[in-house]
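Chemist: Questions regarding the structure given below will be posed in turn.
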Amino acid sequence: MNLCEKLNFKFIKEKSNRFVIDSDGIGKTFCETFYKDNEKYINLNYTNNIIKCHSIIQGLINSDGTKYNKKKTIYFTNTSNSIIKWINIYAPLCGYAITTKEINRENTRKKLYKTYLLDTHYTLNNDSRKKA
Numbered sequence: 007m008n009l010c011e012k013l014n015f016k017f018i019k020e021k022s023n024r025f026v027i028d029s030d031g032i033g034k035t036f037c038e039t040f041y042k043d044n045e046k047y048i049n050l051n052y053t054n055n056i057i058k059c060h061s062i063i064q065g066l067i068n069s070d071g072t073k074y075n076k077k078k079t080i081y082f083t084n085t086s087n088s089i090i091k092w093i094n095i096y097a098p099l100c101g102y103a104i105t106t107k108e109i110n111r112e113n114t115r116k117k118l119y120k121t122y123l124l125d126t127h128y129t130l131n132n133d134s135r136k137k138a
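The number in the numbering used here is simply the position in the sequence shown, starting from 1, with 6 added.
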């Protein structure tokens, strides 16, 4: 049983094969599950096998990533040090070569992390940015 089924979330299919999860209190549940000390994090209970880790990485890429087809590179940015530490541990286990740069930004105390992933067999599943 996956997390959405366990929490009795309903899936709604929208245009262009885009799915939305509909449930009362979903925002609160999401924050309680994936935020710690005002920062996004991935609970290690969801990383107990390589397939789940690969799925999480695909979700991160779909939400905060860009794919460069000619270079076979995925560029991923995030401000959460916890997420970046997690992806640096688990991405190589999922078959990615990875490098990360820390960038200090003006006008904000939050750092931005740029991560480059290289994988010759990657796909972006259900990417709402891609036109059909």
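We put the beta carbon where it would ideally sit given N, CA and C, even for glycine.
Is the stretch 30-45 touching the stretch 54-69, taking contact as three or more C-beta pairs under 8 Å?
Modeler: The stretch 30-45 vs the stretch 54-69: no contact.
Chemist: Using 8 Å for Cβ pairs, my map puts Cys100 next to Ile63. What's the rounded Cβ distance?
Modeler: Contact holds; Cβ gap of about 6 Å.
Chemist: Please report the distance separating the alpha-carbon of Lys76 from that of Ser29.
Modeler: Approximately 40 Å, taken between the alpha carbons.
Chemist: Is Ile93 closer than 9 Å to Ile104 when the C-beta atoms are compared?
Modeler: Contact flag set, yes.
Chemist: Let me know the secondary structure DSSP gives Tyr47 once reduced to three states.
Modeler: Residue state, collapsed to three classes: coil.
Chemist: So which of Gly33, Thr85, Leu124 has the shortest CA-CA distance to Arg115?
Modeler: Comparing Cα-Cα distances from Arg115 to each of Gly33, Thr85, Leu124, the minimum goes to Thr85.
Chemist: Is the separation between the beta-carbon of Ile67 and that of Lys58 shorter than 9 Å?
Modeler: No. Outside cutoff.
Chemist: Starting from the C-beta of Lys107, find all residues in its chain whose C-beta is less than 6 Å away, skip the five residues before and the five after it, and write them out in chain order.
Modeler: Answer for Lys107: Lys120, listed in chain order.
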